[in-house]
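Protein chains in written order, with our numbering: chain A, 40 to 522; chain B, 6 to 501. To start, the structure under review is shown below, and the notes come after it.
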């Protein structure tokens with residue numbers, strides 16, 4: 040074991056910076072009054088900016104390990120971290136006025152968000168079962184607390200309780216699975232596990248049992264069927280700003296976790312986890328899409344749509360090989376971009392004393408505000424995977440990976456279910472464009488929200504017209520990090 | 006510089022014009038939106054004219070090609086080019102757009118800018134479909150054009166518009182997605198999305214049949230062929246007049262074009278193998294759907310069913326694999342574009358005045374609207390295939406082609422001359438002639454100058470192509486013979 044040396048700290052510089060700033064935000068928050076609370080907000084945004092700067096400045100195309108191989112700084116982690124900063128920053132912009140009128144605009148909110156993000160960063164850079172687990176727990180605990188932040192809201196408290204109990208169970212399963220793998224191989228670091236497995240181990244049965252627990256734990260965290268039950272309740276019960284947070288950046292971290300554990304550590308067991316992922320992908324796509332049709336609450340609808348998107352993500356991951364992982368990364372990045380915009384729109388329509396939660400709240404939006412209705416139209420068609428929006432290329436990337444891996448029937452099944460999925464996204468467009476508005480309150484967002492939401496919505500279209508750079512970025516990140 | 010980018014210009018000019026029209030905003034600026042849209046559509050039409058004047062009629066290959074890398078990760082190119090099949094259809098598209106903008110001039114009073122913009126953008130996207138030479142580029146245009154049509158039917162449509170438009174969207178999406186799977190499969194065979202590479206690719210029979218079926222799902226829904234035609238009557242009935250015109254005049258042709266450009270040349274052996282199946286479906290459409298048209302009470306539904314029946318001719322002409330049949334198909338597609346568009350405009354003229362599409366609500370229209378009736382009867386005759394109108398040429402060529410192949414094909418196809426005349430003329434009799442049935446009809450006003458202009462131009466076109474169809478056949482001839490010789494060669498491995 041080496042001693043802690045400077046290069047270790049250098050490798051983990053973004054994490055250290057975020058940790059310091061999160062504590063600073065927490066401390067400063069104690070001394071702020073309601074009137075100058077914006078300082079916390081600005082500090083949080085500056086933290087994200089600073090972290091982005093550090094990550095970019097310390098970026099190299101190579102792979103650097105730290106803390107005796109527990110932690111890695113590779114292009115995959117850098118790219119995902121930058122996406123996470125961006126997603127978190129956009130989340131804060133959309134959430135600000137929502138939480139302000141609901142009494143959640145407190146220093147703890149920003150500190151918790153930053154700590155949650157620190158958890159995500161550790162998940163992205165973890166190279167050892169313990170560091171990965173630690174990052175996951177840091178993220179999860181912050182999210183449980185954030186869901187319950189509006190403490191007088193019984194529905195939010197219920198959601199937090201559910202989230203906590205099921206999340207803790209999933210963490211337990213994951214840890215149990217890890218302990219079995221450790222028991223068989225005797226190591227915790229991903230690359231060592233991989234080489235130990237490749238050399239052959241005596242007890243394959245225990246290994247597969249451990250794998251089952253790990254996959255179940257991961258599926259819980261991602262929300263794949265049959266471990267999806269918490270998603271609709273938590274999405275629905277949480278304050279919308281928190282739903283936005285749960286639904287966006289952590290998905291990137293969750294993807295990294297799956298990639299690190301399955302593709303890096305347990306790659307030699309691919310034949311075993313493929314079958315499980317195929318089953319979960321098929322079930323997630325069916326149950327997510329079919330159940331979403333029956334929803335009247337947009338947050339629940341989006342929750343089920345998340346489940347189906349997770350199914351598509353798994354389709355990319357199980358089409359193993361670089362191409363599959365690249366397509367999965369492209370898919371998840373696209374998904375996060377669309378989710379940000381969609382929940383941003385839900386937040387936009389909410390105001391003091393009114394939650395725009397029902398699909399009917401979108402009725403006649405094109406008459407109330409043609410511009411925002413157009414942005415939502417783009418987002419919905421993108422979610423449905425209709426070109427020329429970015430969502431199409433995400434589906435395209437995953438489908439071509441599945442076909443390359445020889446899963447013809449899976450690809451045909453996925454496209455058939457995409458038609459089912461298109462139905463409920465079209466229904467939102469129908470409500471916005473074909474129906475008369477029920478509510479005539481003018482939509483008056485703050486300038487920053489208008490700009491960011493506009494950029495977010497148009498990005499779905501413009502990146503759809505020119506998807507090459509984003510594909511290249513994903514290909515670069517994955518190809519330089521996984522061997 | 007624009008010399009080499011005629012196709013790009015034809016695609017992007019209407020789209021940019023549409024975006025510009027959108028910026029005129031609310032209905033207070035409606036006149037501005039209308040004039041801008043008219044200007045945009047005229048400019049777009051002019052932009053497509055060089056395709057005709059500079060087209061080399063002896064060359065059956067792709068002309069006006071342009072291309073550059075678009076998504077190098079998947080070897081996807083922005084590659085455009087047209088041959089003799091595509092150019093007439095592109096002209097039809099840009100021409101129809103001008104007509105549609107004029108047709109919606111006074112009728113559309115709500116969200117004018119969005120209406121006009123939708124048609125302009127759709128026009129650009131459809132031209133894109135006709136000129137794309139890269140599978141994914143084609144697919145992007147193909148799907149993207151569903152979005153404006155979805156909105157047009159849903160926003161400006163009739164009472165049951167939501168059902169109709171969602172059915173339209175989902176039906177076509179289902180067909181197209183299987184086509185996407187076929188493209189990706191072909192990509193893994195050739196490492197390219199260029200359709201020219203697909204033409205040269207040898208494929209075993211099983212793969213050809215599956216690819217053909219995937220394309221069939223996309224194009225048969227679009228044409229539409231029996232039995233996947235059920236979305237069309239719904240969509241037509243609920244769509245506003247302009248939507249019906251574009252749907253009938255151009256969108257249905259996309260399916261026919263797709264067969265000629267993709268399904269048949271990529272999987273020629275499967276096309277031969279399944280030609281009996283395709284011909285059967287076509288003949289069912291020709292005969293059975295004609296009977297269905299006979300009993301319709303709603304004028305738009307009647308024309309919709311008549312479109313399906315006529316498109317049966319198009320697919321019949323393609324799958325008998327001889328030059329007469331295939332050129333007949335092309336002429337039939339163009340002619341049907343003008344005739345069905347005009348018929349829908351006629352229904353629109355009546356609907357604007359009476360707010361009814363039911364045949365039973367009319368009778369004796371000729372007494373109140375003599376000029377209009379003269380034109381409407383001309384279009385009806387063209388629909389029934391009267392010699393001297395463009396409707397005759399295509400049907401005649403296809404029947405001749407079918408006769409070379411099999412007497413019974415030709416016999417069954419020829420029955421349409423009777424049934425087509427029956428349902429069309431019976432409608433004409435009930436709507437236009439006879440006693441004036443009620444005072445609403447008696448109070449009808451004849452065509453205004455704008456309507457006269459639109460219908461007059463269409464009438465001239467229908468007669469011109471009926472008397473002298475040479476311009477169309479001249480343009481398609483080289484391409485059709487090249488296509489047929491390509492189709493005659495087996496692509497099974499080992500035979501190339």
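From the three backbone atoms N, C-alpha and C, an ideal C-beta is built for every residue, glycine too.
Item                                                                                                                                                                                   : Value
Starting from residue 75(B), follow the alpha helix (DSSP H) in both directions and report where the run begins and ends.                                                              : That residue, residue 75(B), is in no alpha helix (DSSP H); its beta strand (DSSP E) goes 68 to 76.
Under 8 Å between C-beta atoms, does residue 40(A) make it to chain B?                                                                                                                 : With a pLDDT of 45 at residue 40(A), under the threshold of 50, the predicted position of this residue should be treated as unreliable, though the coordinate-derived value follows. It does not: the Cβ of residue 40(A) has no partner Cβ on chain B nearer than 8 Å.
Distance check for residue 146(B) and residue 114(B), CA to CA, integer angstroms please.                                                                                              : 29 Å
Along chain A, which residues have their Cβ under 9 Å away from the Cβ of residue 160(B)?                                                                                              : 405, 472, 473
Using a Cβ cut-off of 8 Å (strictly closer), state whether residue 443(A) contacts chain B.                                                                                            : yes
Since residue 364(B) is in the alpha helix (DSSP H), which residue starts that stretch and which ends it?                                                                              : Premise fails: residue 364(B) is in no alpha helix (DSSP H) and is neither H nor E.
Check this for me: beta carbons of residue 274(B) and residue 489(B), under 8 Å apart or not?                                                                                          : no
Measure the Cβ-Cβ separation of residue 104(B) and residue 141(B) and say whether it is below 8 Å.                                                                                     : no
Tell me the DSSP bridge mates of residue 116(B)?                                                                                                                                       : None, per the DSSP bridge assignment.
Runs of 3 residues minimum, wholly inside the region 82 to 141 of chain A: which ones carry the beta strand (DSSP E) assignment?                                                       : 103 to 105, 110 to 112
Please return the same chain residues whose Cβ sits closer than 8 Å to the Cβ of residue 45(A), not counting the five positions on each side in sequence.                              : none
Would you check if the distance between the CB atom of residue 1(B) and the CB atom of residue 322(B) is smaller than 8 Å?                                                             : This structure gives no information on residue 1(B), because the portion of chain B shown stretches from 6 to 501.
Residues in the region 132 to 154 of chain B with C-beta within 9 Å of chain A's C-beta atoms, listed in sequence order?                                                               : 141, 144, 145, 146, 147, 148, 149, 151, 152
Over what stretch of residues does the alpha helix (DSSP H) that includes residue 472(A) continue unbroken?                                                                            : 447 to 473
Am I right that residue 89(B) and residue 481(B) are in contact with their C-beta atoms under 8 Å? What's the rounded C-beta distance?                                                 : 4 Å
Mind the definition here: the region 385 to 402 of chain B touches the region 335 to 342 of chain B only if three or more C-beta pairs lie below 8 Å; say whether that holds.          : yes
Between residue 368(A) and chain B, is there a C-beta pair that is closer than 8 Å?                                                                                                    : no
On the DSSP bridge assignment, give the partners of residue 435(B) in chain order.                                                                                                     : In the DSSP output, where bridge partners are listed per residue, residue 435(B) has none listed.
Please say whether residue 493(A) and residue 426(A) have beta carbons closer to each other than 8 Å?                                                                                  : no
Are the beta-carbon atoms of residue 255(B) and residue 118(B) separated by less than 8 Å?                                                                                             : no
Apply the 10 Å Cβ neighbour rule to residue 68(B) and answer buried if 16 or more other Cβ atoms are within range, or exposed otherwise.                                               : buried
Would the region 449 to 459 of chain A count as touching the region 381 to 401 of chain A if we require 3 or more Cβ pairs under 8 Å?                                                  : no
Which bits of chain A does residue 77(B) rub up against, with CB to CB less than 7 Å?                                                                                                  : 507
Give me, in chain order, the residues of the same chain whose beta-carbon lies closer than 6 Å to that of residue 273(A); leave out the 5 immediate sequence neighbours on both sides. : 198, 202
Determine the closest residue to residue 293(A) out of 231(A), 308(A), 367(A), with distance taken between C-alpha atoms.                                                              : 367(A)
Select from 66(A), 412(A), 99(A) the residue whose C-alpha is nearest the C-alpha of residue 465(A).                                                                                   : 412(A)
At a CB distance below 8 Å, what residues from the region 173 to 189 of chain B approach chain A? Give them in sequence order.                                                         : 174, 175, 178, 179, 182, 183, 185, 186, 189
Identify whether residue 481(B) lies in helix, strand or coil by the three-state DSSP scheme.                                                                                          : helix
Taking residue 511(A) as the query, report the chain B residues whose CB atoms sit under 9 Å from its CB, ordered along the chain.                                                     : 77, 78
Between residue 28(B) and chain A, is the shortest Cβ-Cβ distance under 8 Å, so that the two count as touching?                                                                        : no
Are the beta-carbon atoms belonging to residue 167(A) and residue 246(A) less than 8 Å from one another?                                                                               : no
At what residue ranges does the region 221 to 267 of chain A contain a whole run of the alpha helix (DSSP H), taking only runs of 4 or more?                                           : 229 to 237, 243 to 261
Taking any Cβ of chain A, which residues in the region 114 to 131 of chain B have a Cβ under 7 Å from it, in chain order?                                                              : none
Let me check understanding here. Comparing Cα to Cα, which of 97(B), 91(B), 116(B), 124(B) lies closest to residue 107(B)?                                                             : 124(B)
Could you check the C-alpha separation between residue 170(A) and residue 186(B) for me, to the nearest Å?                                                                             : 40 Å
Per the DSSP calculation, residue 82(B) is bridged to which residue(s)?                                                                                                                : 74(B)
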